[in-house]
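Asker: Have a look at this one.
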Amino acid sequence: MNFDKEYDASGLSCPLPIVKTKKALADMTTGQVLKVVATDPGSVCDMAAFAEQTGNALLEQGEEAGKFVFFLKKA
Amino acid sequence: MTKKMALIATKGTLDMAYPPFILGSTAAALGWDVQIFFTFYGLQLLRKDLSDVKISPLANPAMPMPVPMPVMVQMLPGMESMATMMMKQKMKSKGVASLEELRDLCLEAEVKFVACQMTVDLFEFSKADFIENVEYGGAATFMKFAGESDVCLFI
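Here it is in structure tokens:
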């Protein structure tokens, strides 16, 4: 999937992947796509909850080289 | 309508310092309006220098220890500092943010910190020891925000 920006949260634990994802989205414009990479297994549920509550759509999620990958569309 | 969360932080140990800052920074990231009321030992979390925020294995039987340690040993001088150092190392190695970092993230996200004026006076704390961006108030200040909140927790 194409994306406009990537944020690597590898090695970080709750709540940093979510809080830093929010910061990474801050300077993006509506419709742009952010790719987030994380190693925290909790981030799978957390990212979905983040997307639902903030309106930033979770376009796709999966695993890539043993890491969790998320694509968020900025609201 | 923006959701609101009101927290009361009453504990000043390392383990109990995390929940208010984790929930505060996360709720703010979710777009919530957050206020944390710091009272009694929770006031220690507002100090510029957080190095006195420690964890003790004493009277804390659920704390996982690398080796079993009798209470008589846990109470020896220096054990608290050692346990704190070990816990901080463990946290760092697991990618857990430091208290300072989480507190900064809260402030950056405009989480409002309110210090209990009564306890500041009771313990004769100096406001100069606390970070800026702190308001001083009492129970009525907290109730005003708590009354409008969606989530209200006592920690």
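Listed in order, the protein sequences are those of chains A and B. Our numbering puts the first sequence at residues 1 to 75. Our numbering puts the second sequence at residues 1001 to 1155. All C-beta atoms, glycine included, are put in the ideal place defined by N, C-alpha and C.
(1) Using the beta-carbon count (16 or more within 10 Å), is Ser1025(B) buried or exposed?
(2) For a test of the three-state rule: what should DSSP assign to Leu1076(B), helix, strand or coil?
(3) Please report how far the alpha carbon of Leu59(A) lies from the alpha carbon of Lys73(A), in whole angstroms.
(4) Per DSSP, what kind of secondary structure is Cys14(A) in: helix, strand or coil?
(5) I'd like to know if Cys14(A) contacts chain B, where contact means its C-beta is closer than 8 Å to some C-beta of that chain.
(6) Under a three-way DSSP split, which group does Val1053(B) fall into?
(7) Counting only runs of 4+ residues fully inside the segment 1002-1046 of chain B, write out the alpha helix (DSSP H) ranges in chain order.
(8) At what residues does the alpha helix (DSSP H) containing Asp1121(B) begin and finish?
(9) Whose C-alpha, out of Pro1064(B), Pro1057(B), Pro1066(B) and Ala1062(B), is nearest the C-alpha of Met1072(B)?
(10) Could you name the residues of the segment 1011-1041 of chain B whose beta carbon sits closer than 7 Å to any beta carbon of chain A, in the order they occur along the chain?
(11) In angstroms, rounded to a whole number, what distance separates the CA positions of Met1063(B) and Ala48(A)?
(12) What does DSSP give as the partner residues of Asp8(A) in its beta bridges?
Answerer: In short:
(1) By the C-beta density criterion, Ser1025(B) is buried, having at least 16 other C-beta atoms within 10 angstroms.
(2) In this structure, DSSP gives Leu1076(B) a state outside helix and strand, which the three-state scheme calls coil.
(3) Near 7 Å, if we compare the C-alpha coordinates of Lys73(A) and Leu59(A).
(4) In this structure, DSSP gives Cys14(A) a state outside helix and strand, which the three-state scheme calls coil.
(5) With 8 Å as the cut-off, Cys14(A) counts as an interface residue toward chain B.
(6) Assignment of Val1053(B) by DSSP, reduced to helix, strand and coil, places it in the coil class.
(7) Considered as a whole, the segment 1002-1046 of chain B harbours 1014-1029 as its complete alpha helix (DSSP H) runs of no fewer than 4 residues, in chain order.
(8) Residues Gln1117 to Leu1122.
(9) Nearest of Pro1064(B), Pro1057(B), Pro1066(B) and Ala1062(B) to Met1072(B), Cα basis: Pro1057(B).
(10) Listed in sequence order: Ile1022, Ser1025, Thr1026, Ala1029, Leu1030 and Gly1031.
(11) Those two C-alpha atoms are separated by around 31 Å.
(12) DSSP lists Val37(A) as partners of Asp8(A).
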